[in-house]
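K.L.:
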């Protein structure tokens, strides 16, 4: 074997070894990225559930407020009716 062939074998071997090492480093980062993406999805899902719960509570409170307003309007309309009747009776006397 000539010196030139030995150099090519050594250089080729070093390239193969460095490629294997680089591949293991890159694939490790790819796994880490997948894990980060999964964690981000779970956090987002949890937050969206929490936010949806808050929205439902707010809608419930708004609905209750609207019902209370309707009750107040009903009570006020009943009171006005009573007052109108009272004034009509006073006018008759």
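Residue numbers (this note's numbering): 1063 to 1155.
Ideal Cβ placement from N, Cα and C applies to all residues, glycine included.
#1: Look up residue 1164 in the DSSP assignment and say whether it is helix, strand or coil.
#2: Just to confirm my understanding: we take residue 1126, look at its own chain, exclude 5 residues before and 5 after, and list those with CB closer than 7 Å. What are they?
#3: Given this structure, state the Cα-to-Cα distance separating residue 1108 from residue 1101, to the nearest angstrom.
#4: Alpha carbon to alpha carbon, what distance is there between residue 1084 and residue 1075?
P.N.:
Result, derived from the coordinates:
#1: Because the chain here runs from 1063 to 1155, residue 1164 falls outside it and cannot be looked at.
#2: none
#3: About 11 Å.
#4: 14 Å
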